[in-house]
Amino acid sequence: MEIDQLTVDATRTAIAEKQFTAAALVDAFYDKIRRDDADVGAYLTLSEDRAYMQAARIDELAGRGDALPPLAGVPIAVKDVISTKGVRTTAGSKLLDNYNPPYDATVVERLENAGAIILGKTNCDEFAMGSSNENSGFHPVRNPRNHERVPGGSSGGSAAVIAAGTAVASLGTDTGGSIRQPASFCGVVGLMPTYGRVSRYGLIAFASSLDKIGPFGKTVKDTALVLEVMAGRDRMDSTSADVPVPTYSHFVGQPLTGLKIGVPGEYFGEGLDAEVRAAVEGGIQKLAEAGCEIVPISLRHTPYAIPTYYLVATAEASSNLARFDGVRYGVRAKDVKTLAEMYRRTRDEGFGAEVKRRIMLGTYALSAGYYDAYYLKAQRVRTLIARDYDDAFAKVDAIVTPTTPTPAFCLGEKADDPLAMYLADIFTVTASLAGIPGLSVPCGKSSEGLPIGLQVLGKHFDEAMVLRVGHVAEHALAGK
Amino acid sequence: MVSEKDVAYVAELAHLELTEAESARMLRDLNSILGYIERLNALDTSGVEPMAQVSTRYAQSAEPGEAFAYAMRPDELVPCLPHDEAMRNAPKTDRTFFKVPKVIER
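Top line first, the protein sequences correspond to chains E and R. Letter by letter, the first sequence follows residues 756 to 1235 of the working numbering. Letter by letter, the second sequence follows residues -11 to 94 of the working numbering.
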């Protein structure tokens, strides 16, 4: 069985046509994971019992000749910040080393109802805080395209399993670029949906006004197929939007003739790697050849996005992470005499350096005397950044930029310089702050063979447009 | 500029215990990051509304409280997590309550 190139549709078709059973497919994936993942480190936990139970259900349906659900038999990996009932969920943190959620996240429930098979949980930066996966409390992930390089973060494991062929699709989360940046570094497709498009019930929260769950896949169509089964309102998440869910996959393959594509000058200036620039400009040229009108635009508050993001995100994180106190779940520090000591020592022993840094920054920004100067100021600038997009989308249908300023950097390269690491998110944070959807598609390679990503951004709830443009870019560039 | 005293105070607020080495590193990192954040002061934001939620951007015409799908709902009792399942991940319980060390320090 050749599993490396399997897409969502190919998997479902093969099972429907009885080329192989879902159980045999699960065997093949676990064999491959045992063989290949030791070098990559993308998986933290395998959910074998659950996977084989689901495979048996699918095989029973296929055996009876019943119509198969849309993701029937599709092996999927889930980022370890997303709750899976009875399957260890650590958020990449030692503090949650022993945590077994008592319920499933809505996305997990919806994927399984659609026939998907959850293979296991993927490594990530601790509590999704990082851009390289080096902040995992367990071990870093290596980029499957080049083991000296980082896979990006924070959803590094979820991007790496697609690049390594150890899952057909996967789920990640994106707060400031944590789906798009690793997709770009690993040469796979990653989609961040609109804020509120996908329920976050069961997601271990990092920054609640920014967190989104989204899919990774080998192709744009695969991400569309996964999104369409998990999107839509959910009574368990009061921030999930009551907006109808289109059949996203129907938009994949539609022509782009007459569409206006905005290209922001601010994303092609100083700091952009020359090879990344050339690759993305090549991609824009292909969109022009596909019938798009290319329109220069300005997103003029872009230089303020990183400071804005790191104030808003850390303030929210300092509040969200207050729950990790050793009382209701997690690893409690031993030999503590008082409650206050228990809180402090549990958090000191459980959290890694970056998580502590962000809690400190966020607590400082919210503390008496600094709230107006930092947190409120950042919220006002966030409005200006969102308005940049309102103005741009009055003129264009979609926006195209590089996903990251450089291809994947080396392990250890930025590990000691938090600010340099934060700047790796410079092209992804503006869309996060505005809450609009964004997609990263592979767009060629550097002379060293490292993948380069092209980012497509759209209006709120216009994932269909983002996927449509991304699909054409992906195919025009496939030969490169 | 953040001082050593500020680091100690904020760590206390956040219930973090930092070693001496961690505190020194934190002082350096926070000052480096806050130095970069200073660039926000170049922007005049007087009269700009703060953006606390994305839904205020796409649901501007909605009535207050209706920007989210289910921000309001009837106050009805629905099934919830059974008590024993909710307790199962706790480091220490007496099966009814979570157990913690002494709350009042003497």
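C-beta atoms are modelled at their ideal positions from N, C-alpha and C, and glycine is treated no differently.
Whether Asn28 of chain R touches Thr1063 of chain E by CB criterion (9 Å): A small correction: the amino acid at residue 28 of chain R is Leu; Asn does not occupy that position in the sequence shown. Cβ distance < 9 Å, so Leu28 of chain R and Thr1063 of chain E count as in contact.
Length of the line joining the Cα atoms of Glu772 of chain E and Ala783 of chain E: Approximately 18 Å, taken between the alpha carbons.
Buried versus exposed call for Asp713 of chain E [16 or more other C-beta atoms within 10 Å across all chains shown]: Nothing in the structure corresponds to residue 713 of chain E, since chain E is present only between 756 and 1235.
is_contact[Ala57 of chain R, chain E] using C-beta, thresh 9 Å: Here the model assigns Ala57 of chain R a pLDDT of 47, short of 50, so the residue's position is not dependable and the matter cannot be decided.
Proximal residues to Gly911 of chain E (C-beta, below 6 Å), its chain only, five neighbours per side dropped: Excluding residues within five positions, the ones whose Cβ falls inside 6 Å are Asn888, Val896, Pro937.
Beta carbon proximity, Thr33 of chain R to chain E, threshold 9 Å: Thr33 of chain R counts as touching chain E.
Chain E residues whose Cβ lies nearer than 7 Å to that of Glu5 of chain R: Near Glu5 of chain R (Cβ distances below 7 Å), the residues of chain E are Arg1099, Arg1100, Asp1103.
Stretch pair the region 1206 to 1222 of chain E + the region 1190 to 1197 of chain E: three plus CB contacts closer than 8 Å: Verdict: yes, contact present.
Which residues DSSP lists as bridging Ala810 of chain E, in chain order: Its beta-bridge partners do not exist; DSSP assigns none.
CB contact check: Asp1145 of chain E to chain R, cutoff 9 Å: For Asp1145 of chain E, the answer is yes, since a Cβ of chain R falls inside 9 Å of its Cβ.
Paired residues, beta bridge with Asp1316 of chain E - DSSP: What the structure shows of chain E is the stretch from 756 to 1235, and residue 1316 of chain E is not part of that stretch, so it cannot be assessed.
Closest residue to Ala1133 of chain E among R:Ala9, R:Ala40, R:Ile92 (Cα-Cα distance): Out of R:Ala9, R:Ala40, R:Ile92, R:Ala40 has the C-alpha closest to the C-alpha of Ala1133 of chain E.
Nearest neighbour of Pro1157 of chain E, chosen from E:Ile1061, E:Gly1024, E:Ser891 [CA to CA]: Comparing Cα positions, the closest option is E:Gly1024.
Contact with chain E by Ala78 of chain R, beta-carbon distance below 9 Å: A Cβ of chain E is located within less than 9 Å of the beta carbon of Ala78 of chain R.
Within-9 Å CB hit, Leu1116 of chain E to chain R: Residue contact check for Leu1116 of chain E against chain R: a CB pair falls below 9 Å.
Same chain only: Cβ atoms within 6 Å of Gly1017 of chain E, ignoring 5 sequence neighbours per side: So the list reads Val1050, Ile1052, Ala1147, Val1151, Ile1154, once near-sequence residues are dropped.
First through last residue of the alpha helix (DSSP H) which encompasses Pro1173 of chain E: For Pro1173 of chain E, the uninterrupted alpha helix (DSSP H) run begins and ends at 1173 to 1178, by DSSP.
C-beta atoms of Glu1104 of chain E and Val1086 of chain E nearer than 9 Å: Contact: yes.
Euclidean distance between Cα positions of Ser1074 of chain E and His1056 of chain E: Between Ser1074 of chain E and His1056 of chain E, the alpha-carbon positions lie close to 27 Å from each other.
Interface flag, Glu8 of chain R vs chain E, CB-CB below 9 Å: Under the 9 Å criterion on CB atoms, Glu8 of chain R is classed as non-interfacial with respect to chain E.
Neighbouring residues, chain E, relative to Phe85 of chain R (Cβ below 7 Å): Per Cβ cutoff of 7 Å: no residues; Phe85 of chain R is ~10 Å from chain E at best.
Straight-line Cα distance separating Arg952 of chain E from Ala57 of chain R: At Ala57 of chain R the pLDDT is 47, less than 50, meaning the model places this residue with poor confidence; the figure from the coordinates comes in the next sentence. One C-alpha to the other measures close to 11 Å.
Three-way DSSP call (helix, strand, coil) for Lys1235 of chain E in this model: Interpretation of Lys1235 of chain E is limited by its pLDDT of 46, a score under 50 that renders its predicted location unreliable; no figure is taken from the coordinates.
Three-state secondary structure assigned by DSSP to Glu5 of chain R: It is coil, neither helix nor strand.
Cβ-based burial, Met1176 of chain E [other Cβ within 10 Å; buried from 16]: Classification of Met1176 of chain E: buried, given that the 10 Å Cβ count is 16 or more.
Exposure label - Arg1223 of chain E; buried when at least 16 CB within 10 Å: Counting Cβ neighbours within 10 Å, Arg1223 of chain E comes out buried, since at least 16 surround it.
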